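> Below you'll find the structure I mean.
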Amino acid sequence: MAVHKVLTGQKALVTGANSGIGQGVAIALGQAGADVVVNYIEGDDAANKVVDDIRRFGVNAYAHQADVSSEQDVAGMFKRIVQEFGAIDILINNAGLQRDAAVHDMTLAQWNKVLSVNLTGQFLCAREAAREFLRRGVVPAVSCAAGKIVCMSSVHQEIPWAGHVNYASSKGGIKLMMESLAQELAPHRIRVNAIAPGAIRTPINTSAWQTRDAYNQLMKLVPYGRIGEPADIARAAVWLASDHSDYVVGTTLFVDGGMTLYPGFSTGG
Ligand code: NAD
1272 MAVHKVLTGQ
1282 KALVTGANSG
1292 IGQGVAIALG
1302 QAGADVVVNY
1312 IEGDDAANKV
1322 VDDIRRFGVN
1332 AYAHQADVSS
1342 EQDVAGMFKR
1352 IVQEFGAIDI
1362 LINNAGLQRD
1372 AAVHDMTLAQ
1382 WNKVLSVNLT
1392 GQFLCAREAA
1402 REFLRRGVVP
1412 AVSCAAGKIV
1422 CMSSVHQEIP
1432 WAGHVNYASS
1442 KGGIKLMMES
1452 LAQELAPHRI
1462 RVNAIAPGAI
1472 RTPINTSAWQ
1482 TRDAYNQLMK
1492 LVPYGRIGEP
1502 ADIARAAVWL
1512 ASDHSDYVVG
1522 TTLFVDGGMT
1532 LYPGFSTGG
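Taking my numbering, the leading residue of the sequence shown gets 1272, the next gets one more, and so forth.
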């Protein structure tokens, strides 16, 4: 599907953009006309490849290594964006990870790691973005809004997940963080929304789709009958970042093939 140039002249930061969903979103934002910063924690080659893919659309892009859970790294990343691009219009808060364990085996380090990257990382980036959006205000030639933030949540902001209590807690936290930010920032014409992906084919969940058996098991949870691809999320992100969604504020858009429709009840429960 052709993506129209709905983001021409806008400047975007995508965290965790050298793999999976973030990579797909970063490339789609570039295709839609935005200049893009590709943030990553490790994997220089993969990050540079995403930058090259984005530049093919005739827009600006660069890679920036930073740990989103580090206040200092995040501050440095935003400082550079303003230096290089002059402004920021779009933050895609995407970086995230899993450290799975049964609760009786889960270490404090596993708990803290997931909360610090998935939740605190989104807070730190949203705070810097909000400061910059508030400083600059609305520039009508660029966008109706002073800025847009899209938080990558998960169906696990709704669906409890045994063996993943740290991850589900981080995503439940993102839900109310996003809604509270949206309420606080809307009067300043800053829009904050979230995407809740279902099962998307990326390196984070290889074991859920790599073998035929695993894939068939997974499909019992997906009424639409296919795994999601990063491009499914990327199209939603472009829309939420664009003026086409200008009246959408504080909403979580589920892009999950129906995973949250309680498929276990499809034959009567
Ligand atoms: P992925 O492992 O392919 O990508 C994760 C990205 O986050 C990588 O680029 C990695 O470098 C980056 N990252 C990790 N720690 C970081 C840190 N401290 N600082 C900066 N970057 C860091 O996984 P993915 O599936 O693309 O996941 C992206 C987001 O989507 C995550 O927030 C994840 O929770 C969410 N999500 C994924 C799925 C899915 O099925 N794949 C479903 C729901 C939600």
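For each residue, glycine too, the CB sits at the ideal point set by N, CA and C.
The structure displayed is predicted, hence computed values, not measured ones.
Nearest to residue 1493 by CA position, among 1473, 1529, 1511, 1480, is which residue?
Counting from 1 along the sequence shown, the entry for residue 1493 is found at position 222. Answer by Cα proximity: 1529.
> Would you tell me roughly how many angstroms separate the C-alpha atoms of residue 1616 and residue 1472, rounded to the nearest one?
Outside the displayed range of the chain (1272 to 1540) lies residue 1616, so it cannot be described from this structure.
> Going by other Cβ atoms of all chains shown within 10 Å of its Cβ, with 16 needed for buried, is residue 1278 buried or exposed?
Within the sequence shown, numbered from 1, the residue matching residue 1278 stands at position 7. Buried is the call here.
> Just curious, the alpha helix (DSSP H) that residue 1503 is in, first and last residue?
For the purposes of this step, residue 1503 is taken as the residue at position 232 of the sequence shown. Residues 1501-1512.
> Taking only runs that begin and end inside the segment 1360-1386, name each unbroken beta strand (DSSP E) of 3 or more residues, in chain order.
Listed in chain order, they are 1361-1364.
> Would residue 1287 and residue 1366 qualify as a contact pair, given that the criterion is a beta-carbon distance under 7 angstroms?
For the purposes of this step, residue 1287 is taken as residue 16 along the sequence shown, with counting starting at 1. For the purposes of this step, residue 1366 is taken as residue 95 along the sequence shown, with counting starting at 1. In contact: residue 1287 and residue 1366 (Cβ atoms closer than 7 angstroms).
> Per DSSP, what kind of secondary structure is residue 1527 in: helix, strand or coil?
Residue mapping note: residue 1527 aligns to position 256 of the sequence shown, counting from 1. Of the three classes helix, strand and coil, the one that applies to residue 1527 here is coil, per DSSP.
> Along the chain, where does the beta strand (DSSP E) that runs through residue 1334 open and close?
On the sequence shown, position 63 is the one that residue 1334 refers to. Taken as a continuous stretch (DSSP letters only), the beta strand (DSSP E) holding residue 1334 covers 1332-1336.
> The ligand NAD and residue 1476: does any heavy atom of the ligand fall closer than 6 angstroms to the residue's C-beta?
The residue labelled residue 1476 in the question sits at position 205 within the sequence shown. Yes, the beta carbon of residue 1476 sits closer than 6 angstroms to at least one heavy atom of the ligand NAD.
> Check this for me: beta carbons of residue 1310 and residue 1335, under 7 angstroms apart or not?
Looking up residue 1310 in the sequence shown gives position 39. Looking up residue 1335 in the sequence shown gives position 64. Result yes, Cβ atoms of residue 1310 and residue 1335 sit closer than 7 angstroms.
> Pick out the complete alpha helix (DSSP H) segments inside the segment 1300-1327, 4 residues or longer, and give them in chain order.
The segment 1300-1327 contains these whole alpha helix (DSSP H) runs: 1315-1326.
> Excluding five sequence neighbours on each side, which residues of the same chain lie with their C-beta closer than 8 angstroms to the C-beta of residue 1315?
As a position in the sequence shown, residue 1315 is number 44, starting the count at 1. So the list reads 1334, 1336, once near-sequence residues are dropped.
> When DSSP builds the beta bridges, which residues end up paired with residue 1491?
Numbered from 1 along the sequence shown, position 220 holds the residue referred to as residue 1491. Residue 1491 pairs with nothing; no bridge assigned.
> How big is the Cα-Cα spacing for residue 1504 and residue 1352?
For this step, residue 1504 is matched to residue 233 along the sequence shown. For this step, residue 1352 is matched to residue 81 along the sequence shown. Their Cα atoms are separated by approximately 24 angstroms.
> Specify whether the segment 1439-1451 and the segment 1413-1428 touch according to this definition: at least 3 beta carbon pairs, one from each stretch, less than 8 angstroms apart.
With the cut-off at 8 angstroms, the segment 1439-1451 and the segment 1413-1428 touch.
> Alpha carbon to alpha carbon, how far is residue 1474 from residue 1291? Give it in angstroms, no decimals.
Working through the sequence shown from its first residue, we reach residue 1291 at position 20. Working through the sequence shown from its first residue, we reach residue 1474 at position 203. Distance between the alpha carbons of residue 1291 and residue 1474 is about 7 angstroms.
> Where does residue 1411 sit, in a helix, a strand or coil, going by DSSP?
Counting from 1 along the sequence shown, the entry for residue 1411 is found at position 140. Of the three classes helix, strand and coil, the one that applies to residue 1411 here is coil, per DSSP.
> For the ligand NAD, is there any heavy atom lying closer than 6 angstroms to the beta carbon of residue 1530?
Counted from its first residue, the sequence shown places residue 1530 at position 259. No, Cβ of residue 1530 sits at least 6 angstroms from all heavy atoms of the ligand NAD.
> Can you list, in chain order, the stretches of the beta strand (DSSP E) that have 3 or more residues and sit fully within the segment 1394-1440?
Whole beta strand (DSSP E) segments, 3+ residues: 1418-1423.
> I need the DSSP call for residue 1456, collapsed to helix, strand or coil.
What you label residue 1456 is simply residue 185 of the sequence shown in a count that begins at 1. Reduced to three states, the DSSP call for residue 1456 is helix.
> Would you say residue 1391 and residue 1340 are within 7 angstroms of each other, going by their C-beta atoms?
Stepping through the sequence shown from its first residue, residue 1391 is reached at position 120. Stepping through the sequence shown from its first residue, residue 1340 is reached at position 69. Yes, the pair counts as a contact, with Cβ atoms nearer than the cut-off.
> Could you tell me whether the Cβ of residue 1497 comes closer than 7 angstroms to any Cβ of chain D?
Chain labels in this structure do not include chain D; a single protein chain is all it has.
> Helix, strand or coil: which one does DSSP assign to residue 1272?
For the purposes of this step, residue 1272 is taken as residue 1 along the sequence shown, with counting starting at 1. For residue 1272, the pLDDT reaches just 48, beneath the cut-off of 50, and the residue's location in the model is therefore unreliable, although a value from the coordinates is still provided. Here residue 1272 sits in coil by DSSP.
> Classify residue 1462 as helix, strand or coil using the three-state DSSP reduction.
The sequence position of residue 1462 within the sequence shown is 191, counting from 1. If DSSP states are grouped into helix, strand and coil, residue 1462 belongs with the strands.
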